[in-house]
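Undergrad: Note that numbering that gives the first Met the number 0 gives residue 777 to position 778 of the sequence shown, counting from 1, and the numbers run on in steps of one.
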Amino acid sequence: MEFTLNGRPVSVEMRDGESLLDLLRERCGLTSMKDGCAPEGSCGACTVLVDGKAAVSCAQPAARVAGKSVTTLEGLPAERRTQWADSFVAAGASQCGFCSPGIVMKAEALLERNPAPSREEIIRSLAGNLCRCTGYIKIIEAVQYAAAAGRGEPVPAPDWSGRVGSRTGRYQGRELALGMKPYVNDLREPGMLYGAIRWSDHPRAKVRRIDASRARAHPEVVAVATWQDVPGERRQGLITKDWRQFVAEGETTNYVGDVLAAVAATSRAAAREAAALIEVEYVVLEPVTDPFTALAPGAPEIHEGGNILSVSKVKRGDVDAALAGAAHVATETFQTQFVEHAFLEPEAALAVPTEDGGVHVHSQGQGPWDDRRQVASFLALPEEKVRVTQVSNGGAFGAKEDLNVQAHAALLTRMTGRPVLLTLSRRESIRFHTKRHPLTMTYTVGCDAAGHLVAVRARIVGDTGAYASVGDKVLERAAGHACGPYKVPNVDVESMAVYTNNPPAGAMRGFGVNQVNFAMEGMLGILAEKVGIDGWEIRWRNALETGDVFATGQKLGPGVGLKKTLLAVRDAYRSARHAGIACGLKNTGVGNGLTEYGKAILRVESDGTVTLFHSWTEMGQGVHTALQQIACEELGLPAHRVRVVVDTVRELDTGQCTASRSTVLGGRAVIEAARRLQAALNGRRLEDLAGQEFYGEFLVDWTTKLGVEKPVTHFAYAWATQVAILDDQGRVARVIAAHDVGKVINPTLLEGQIEGAVHMGLGGALSEELVVEGGVPVTDTLKSLGIIPPAGMPEVECIFIEEHQPEGPYGAKGVGEAGMVPTASAVAGALYAFDGVRRTRLPMKDSPAARVAMPKRVPARTAASS
0 MEFTLNGRPV SVEMRDGESL LDLLRERCGL TSMKDGCAPE GSCGACTVLV DGKAAVSCAQ
60 PAARVAGKSV TTLEGLPAER RTQWADSFVA AGASQCGFCS PGIVMKAEAL LERNPAPSRE
120 EIIRSLAGNL CRCTGYIKII EAVQYAAAAG RGEPVPAPDW SGRVGSRTGR YQGRELALGM
180 KPYVNDLREP GMLYGAIRWS DHPRAKVRRI DASRARAHPE VVAVATWQDV PGERRQGLIT
240 KDWRQFVAEG ETTNYVGDVL AAVAATSRAA AREAAALIEV EYVVLEPVTD PFTALAPGAP
300 EIHEGGNILS VSKVKRGDVD AALAGAAHVA TETFQTQFVE HAFLEPEAAL AVPTEDGGVH
360 VHSQGQGPWD DRRQVASFLA LPEEKVRVTQ VSNGGAFGAK EDLNVQAHAA LLTRMTGRPV
420 LLTLSRRESI RFHTKRHPLT MTYTVGCDAA GHLVAVRARI VGDTGAYASV GDKVLERAAG
480 HACGPYKVPN VDVESMAVYT NNPPAGAMRG FGVNQVNFAM EGMLGILAEK VGIDGWEIRW
540 RNALETGDVF ATGQKLGPGV GLKKTLLAVR DAYRSARHAG IACGLKNTGV GNGLTEYGKA
600 ILRVESDGTV TLFHSWTEMG QGVHTALQQI ACEELGLPAH RVRVVVDTVR ELDTGQCTAS
660 RSTVLGGRAV IEAARRLQAA LNGRRLEDLA GQEFYGEFLV DWTTKLGVEK PVTHFAYAWA
720 TQVAILDDQG RVARVIAAHD VGKVINPTLL EGQIEGAVHM GLGGALSEEL VVEGGVPVTD
780 TLKSLGIIPP AGMPEVECIF IEEHQPEGPY GAKGVGEAGM VPTASAVAGA LYAFDGVRRT
840 RLPMKDSPAA RVAMPKRVPA RTAASS
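1) Residues bridged to Leu75 by DSSP?
2) Please look up how many angstroms separate the CB atoms of Cys27 and Cys57, rounded, as I've assumed it's under 8 Å.
3) With C-beta atoms as the reference, is Phe431 less than 7 Å away from Arg131?
4) From the DSSP output, which residues share a beta bridge with Gln389?
5) Between which two residues does the beta strand (DSSP E) harbouring Ser494 extend?
6) Spatial neighbours of Arg371 within its chain, please: C-beta separation below 7 Å, excluding the five flanking residues on both sides.
7) Between the region 554-571 and the region 757-777, do three or more beta carbon pairs fall short of 8 Å?
8) Please classify Pro789: does DSSP put it in a helix, a strand, or coil?
9) Count the other CB atoms, across all protein chains shown, that sit within 10 Å of the CB of Phe291; report buried if there are 16 or more and exposed otherwise.
10) Given a cut-off of 7 Å, decide if Asn516 and Ser824 are closer than it, judged by their beta-carbon atoms.
11) Measuring only the C-alpha atoms, how far is Asn914 from Cys631?
12) How would you call Asn681, buried or exposed, if buried means at least 16 neighbouring beta carbons within 10 angstroms?
13) Consult DSSP for Ala224 and reduce its assignment to one of helix, strand or coil.
14) Any contact of the region 167-177 with the region 623-640, i.e. 3+ C-beta pairs under 8 Å?
15) Per DSSP, what kind of secondary structure is Ile744 in: helix, strand or coil?
16) Would you identify the three-state DSSP class for Met13, choosing helix, strand or coil?
17) Under the rule that 16 or more other beta-carbon atoms within 10 Å means buried, what is Pro793, buried or exposed?
18) Taking 7 Å as the limit between beta carbons, can you name the residues of its chain near Asp185, skipping five residues before and five after?
19) Helix, strand or coil: how does DSSP classify Val731 here?
20) Is there contact here, the region 239-248 with the region 504-518, by at least three beta-carbon pairs under 8 Å?
21) Figure out for me which residue from Ala375, Pro367, Pro746 has the closest Cα to the Cα of Asp401.
22) Label Asn113 either buried or exposed according to how many other C-beta atoms from any shown protein chain fall within 10 Å of its C-beta, with 16 as the threshold for buried.
23) Under the three-state reduction of DSSP, which class applies to Lys704: helix, strand or coil?
24) Does Val559 come out as helix, strand or coil in the three-state DSSP assignment?
25) Can you say whether Leu125 is buried or exposed, counting buried as having 16 or more other CB atoms within 10 angstroms of its CB?
26) Return helix, strand or coil for Leu276, following the three-state DSSP convention.
27) Among Ile459, His327, Gln334, Met440, which one has its Cα closest to the Cα of Asp447?
28) State the Cα-Cα distance for the pair Met440 and Phe333, rounded to the nearest angstrom.
29) Secondary structure at Tyr281, three-state DSSP: helix, strand or coil?
30) Could you tell me whether the region 479-487 touches the region 569-586, where touching means 3 or more Cβ pairs closer than 8 Å?
31) Check for me: the alpha helix (DSSP H) holding Gln627 runs from which residue to which?
32) Check whether the region 521-534 and the region 596-603 are in contact - that is, three or more C-beta pairs closer than 8 Å.
33) So within the region 56-140, which uninterrupted alpha helix (DSSP H) runs reach at least 4 residues, ignoring any that extend past its ends?
34) If we count the other Cβ atoms within 10 Å of its Cβ and call it buried at 16 or more, is His201 buried or exposed?
35) So within the region 679-723, which uninterrupted beta strand (DSSP E) runs reach at least 3 residues, ignoring any that extend past its ends?
36) Here's a check: name, in chain order, each residue in its chain whose Cβ is nearer than 7 Å to the Cβ of Lys880, leaving out the five neighbours to either side.
Set out below in C-alpha cells:
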C-alpha cells in the first residue's frame, strides 16, 4: 500500500485487517502514537492527522489511508514541535504523559482550522481524548500557550532552575509531550517475540483439561507455557502468597482474570490468535460474588482456610456509655462501588535473556524490587540473576503494585531464549488487575448538644475479590482513618476484608480512606442538622490539632494544618447557595509497624553532572522531578545537570511506590546524600569528584500496629478541606481544594496532582463504576466506565497551606492521594444543599450533577455489583 507519511511517499506491506495504529508502529517504526484502548477508539492517545484531519488510528483500518497523507507527531515541523513541548512543560500539562502526544495532534488539527480558539472551543475539540492524571485544566492552558506561540505572541517559558519552590519543568517533560519517552510497549529488541494470555472463561470453575495443541501448531508460535512449565513458585503476592500466576489442571479458578496459558509468537496478532486456540474443559461452578454471602455458614471457600482475609479493629474508651449519654445519635449505612483505575497505559513487560543465564525485565510496576523478588521466586532463580529496570509508566494509581505480566514474559523468555514483549489490551487490563474496594459501612455516631463528637461505632465489610493483593492493608487503613480528621474520645471500629470471585480489589489512590471518608463526612452532615449548626462549624469544633489524640490513639505532633484549611474555605462555603464541605486526612507512609526506608545515591560524572539513583516508580506523580529539585537545591545545580535512574542493578530496595511516601522518604535520603557530597567538595569542582558516589538513607522504624498502647500508626499525615459548589442546574461548577502540604516543592506539579485528584474524585462521586455481573466485568471499555470528560470538569481553585512536618524534606508531606479523599463527600453535601436528598451510595448517578457530567449513558448499577 502506498501513502504519504510525514511528507514522504512510502510503500508498506500490511496484514489483513490491520489498523493504521499497528501499521505506523509495527511497520513504520513510529511510536509517538500510543495504544491505550485499541480497537475501541475512545482514549485518543493514538491520534494522528489524515489529510489534515484528526483521526484515532487504532479504529482506522490501514487500508483506508491508501493514497492519503498521514502526519504523526514526529512529522510536525521542528519549530512547531518545540512550541508544543515548551507549552506542555510550562503549563504542567503532562503527568504520566501517555495521553499527551494524542492530545497534541488533536489540538494541532484544531489550531490549523482556528488559530485563536476560545477555551470552550478547545474543550469541545478534546472531547474524544482522555487524561486520567491532570483533570484537563493544565492541558487546556497548554493548548492556549501553543496557540499563542503559533500566532507569534509571547508565552511563558519553561523554568529549568531546579530550585525547591520553583515551577521547574517536569523531568523529561519535553519528551513526554512529543511522545519521545518510551514506555514498555515502545521498546524493541532484536529477535523479539510477542506474548499473549489465555484467560479463564469463568470466575469459578474447576479446570479439567488445558489443550494447547492447536496453539502449538500455529506457524508463528514459538512457545506455549502452562502451569507445568513453571520451575518455581506459582503463587506470588506482596503480602500473602495466594495469587496463582498460572492455574493448574485440577484447580478451581478464582476469577475471570486467572491465567491458564501464555503464548510467544513472532507477531502480536499471531500470539493473540494462538491464545484463542487453546481449548479448556471446565466444570463450571456457581461464583460467590457477594461478601455477605461469602461470610455465610457453608459458603464455598475461595481459599483454603475460609473467606476472611483479615479483620482490623480500633477500640478506645466506652462507646456504649458515650452513645447512651449523647445528645444526638445517628445511624446510617453507606455503600461504595468497584472503581477501575483506568490508567491509560495497559500492562506490559519486556523480558530479555542475559548472558549469565538470567533475565532482564523492563517493568512498569510500582515496585521494581518486589518485581525482582517475585520473578526470581517464580523462575527458581537467585535474585542476582534477575534484573528489573523500572520504565516510567503511563499511570498506575495503585493497580501496578501487584505483579502483573512480568513473570509471564520472563517465563516465555526462559523457554525461548529470546526477548518477549507481553502487552495487554484494554479489555484484558480491566479483566485482570485490581480495583478499588467496594465497602459496606454501617456507622453510629454521637455528639453532645454543641456538636462535639463523643463516640463512633463502625462496622465495615470490604469485597477484596479473588486474591489478597494488599486488601488486608486497605481495610486496616480504612479502620485507622474511619473517624476522619476529628477528635473522637470513644471509638469502636471493625473492618473486614472478604474473599469473593469478583476481580481482586487492592491499592487505589486513597487506599480505603476515601470510602470511610464518605461515610464519616455523611454522618457529620446528619449531626450538624440535628445540632442546628452548619457543615463548617461542626468540622471546626471537632478538627484535630497538634497535641490531640487521633482515633487510633496516636498523639499528633507538629504539622497539623487542618484548621488552617478550614479557615481558607469558610467564606466561600458560607457565601455559596449550593455548597458542600468535607475534611480529610491521608497518611504519609505505610506505617502500622512497617520499617520504611528512603535510599539514594548521587554519582558524580566526569562532565560535572550528577546521576541520582533512587528507588521510586515515576508514574506521573512527579517523584523524579521532586527528587531532582531537592538534589539541585542542595547542590546549587540547574535541572539539566542532574539525571535520574531507577534500576535494581543498584541495591536501593525501599518497597512499593505507595502511601504518598516517595517524596518524603526519598527526599530526605537525597538531602543526606547531597550533603555528604557537598562535604567532600570542600571548595573543589564537581569534576574533581568524578566517579565518586555518595549514599543517603532515611529510616522510619518507629510506627506501631493498630491496637497497641500509645500507638504511632503513621509518621506523618496530610490534611485537607474541600468545598464543592453547584450551579443552579445542580452541576458542579467549582471545587475549592485547601490542602496542608507541609512545603510546596513544585507549585505546578502540586496543582496538577490536586486537580487530577479532584477529577478522579468527582468521577468516583458521580459517574464512575466498574459494573460486575456474576463475577464478570460488564463495563470493560474506557467509554463505559463513566470517566468525566473535559466538558464535565469544573473550575478548581487550589489553596496550599505550609504547616511544616518535621520528618519531611523541608517540611513536605505526601499529597498525591489526599487530593481526592474528601471530594465525593463534599459533592454529596452540595447535592443535599441543592435538592434535600441525602445520598449514601456511590456513585450518585441519580443526581443532576452526574447527568450533566457524563454525556454518554453509563450502565446502571446491577444487583450483582451492589
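Note that CB positions come from ideal geometry on N, CA and C, so glycine has one too.
Note that this is a predicted model, so its numbers are computed, not measured.
TA: Once the coordinates are examined:
1) DSSP output for Leu75 lists no bridge partner at all.
2) Not confirmed; about 15 Å, so no contact.
3) no
4) Ser362
5) Unbroken beta strand (DSSP E) run through Ser494: 490-498.
6) Glu382, Val385, Val387, Thr647
7) no
8) Three-state result, Pro789: helix.
9) exposed
10) Between Ser824 and Asn516, the C-beta gap is smaller than 7 Å, which places the two residues in contact.
11) Only positions 0 to 865 of the chain appear in the structure, and residue 914 is not among them; the question remains open.
12) exposed
13) strand
14) Enough Cβ pairs lie closer than 8 Å, so yes.
15) coil
16) Here Met13 sits in coil by DSSP.
17) buried
18) Thr30
19) strand
20) No: fewer than three Cβ pairs fall under 8 Å.
21) Pro367
22) Residue environment analysis places Asn113 among the exposed positions, since fewer than 16 neighbouring C-beta atoms fall within 10 angstroms of its C-beta.
23) Correct three-state label for Lys704: coil.
24) In the three-state reduction of the DSSP assignment, Val559 falls in the coil class.
25) buried
26) helix
27) His327
28) The C-alpha of Phe333 is placed about 5 Å away from the C-alpha of Met440.
29) strand
30) yes
31) 622-634
32) no
33) 77-90, 99-112, 118-124
34) buried
35) 692-699
36) Since the first residue shown for the chain is 0 and the last is 865, residue 880 is missing from the structure and cannot be characterised.
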